[in-house]
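A.B. asks:
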Amino acid sequence: MLRAEVRSHAPTHAGASAMVPTPAMTHKPREAIPMPDPAPLSPPEDFAGRLATLGVTLDEKALGRLGDYLARLLAMNERMNLTAITDPGEAWTRHAFDALTLVPLLADLKSGARVVDVGSGGGVPAIPLAIARPDLKLTLIDATQKKAAFLTDVARALGLGNVTVRAQRAELVGMAELRGVFDVATARAVGRIAMLAPLMAPLVKPNGRVLMIKGQRADEELEEATLVLAEQRCTHEKTVETPTGRIVVLRVGPAEQRAPRRR
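Residues 2 to 264 in the working numbering are what the sequence shown lists, from first letter to last.
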């Protein structure tokens, strides 16, 4: 197993200044590509106002970190495939804003709660969430070692001491030491609900939640996933409409969840 970690104490309110750690990283994924160091992107003039419609407020430091992250994401995208989005303005909407639509659904999580992001790829939604909620502990899972290396490097560059990166397949994590330890699992643009539920539910504590950012076919995906959700002891709690899509909220039942099948 390969594991990359960045650890430190994080502040306890969104947007606050983090203690700048000296990140400790163990077993860094192989084939790392040198991290570019571009100038941070400035947010669109209406970005803070749009966040306010969600009930989300970020201070200048947090907005600066978001701009730094997006700049690094787009710059690294020229060296490896991380995102189809190349326009900075579009990145603020489709990456940063879209990720932050999850923040209201995390409002009930106390400081120190654990969130896992499955198939993190370029870091959406996990990195924006780590910036907005530095009091939460986020674990990012991606099977592609180059992507895991990028996530580790960007977390270190941004001083995100609340982020841990695992270069591993989610189904293996769900059958190992992280089974049933997270309060919430998130995913975006990874796959259909029927495929994701068996990967995500085993990672979540009984009565925890699975949050999937989906598009306009969320209802169709839910219908086709009926049997899988029952097998994983998940119930569909609600679907939240957002300015950029839909968030499917599943509640994980209290009984033993079946481990995902190896593919």
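For each residue, glycine too, the CB sits at the ideal point set by N, CA and C.
Out of R95, P37 and A131, point me to the one whose CA is closest to R66's CA.
C.D. replies: For R66, the nearest C-alpha among the options comes from A131.
A.B. asks: If A226 sits next to T187, beta carbons under 8 Å apart, how far is it from one beta carbon to the other, in whole angstroms?
C.D. replies: So it is not a contact: roughly 17 Å between Cβ atoms.
A.B. asks: Mind checking N163: buried by the 16 CB within 10 Å criterion, or exposed?
C.D. replies: buried
A.B. asks: Mind checking P203: buried by the 16 CB within 10 Å criterion, or exposed?
C.D. replies: buried
A.B. asks: Are G175 and K206 touching if we call contact CB-CB under 9 Å?
C.D. replies: no
A.B. asks: Can you give the beta carbon distance from V185 to V241, rounded, assuming they're within the 8 Å contact cut?
C.D. replies: Not really, about 14 Å apart at Cβ, beyond 8 Å.
A.B. asks: Can you find at least 3 beta carbon pairs, one from the region 165-172 and one from the region 141-152, that sit closer than 8 Å?
C.D. replies: yes
A.B. asks: Distance check for T165 and R210, CA to CA, integer angstroms please.
C.D. replies: Going by the C-alpha atoms only, they are around 20 Å apart.
A.B. asks: At the level of alpha carbons, what is the spacing between A114 and K138?
C.D. replies: Using only the alpha carbons, I get a separation of about 6 Å.
A.B. asks: So which of T54, G90, R234 and G123 has the shortest CA-CA distance to E79?
C.D. replies: Comparing alpha carbon positions, the residue from T54, G90, R234 and G123 closest to E79 is G123.
A.B. asks: Around the C-beta of A149, are 16 or more other C-beta atoms found within 10 angstroms, so that it is buried, or is it exposed?
C.D. replies: buried
A.B. asks: What first and last residue would you give for the beta strand (DSSP E) that runs through L251?
C.D. replies: G246 to V253
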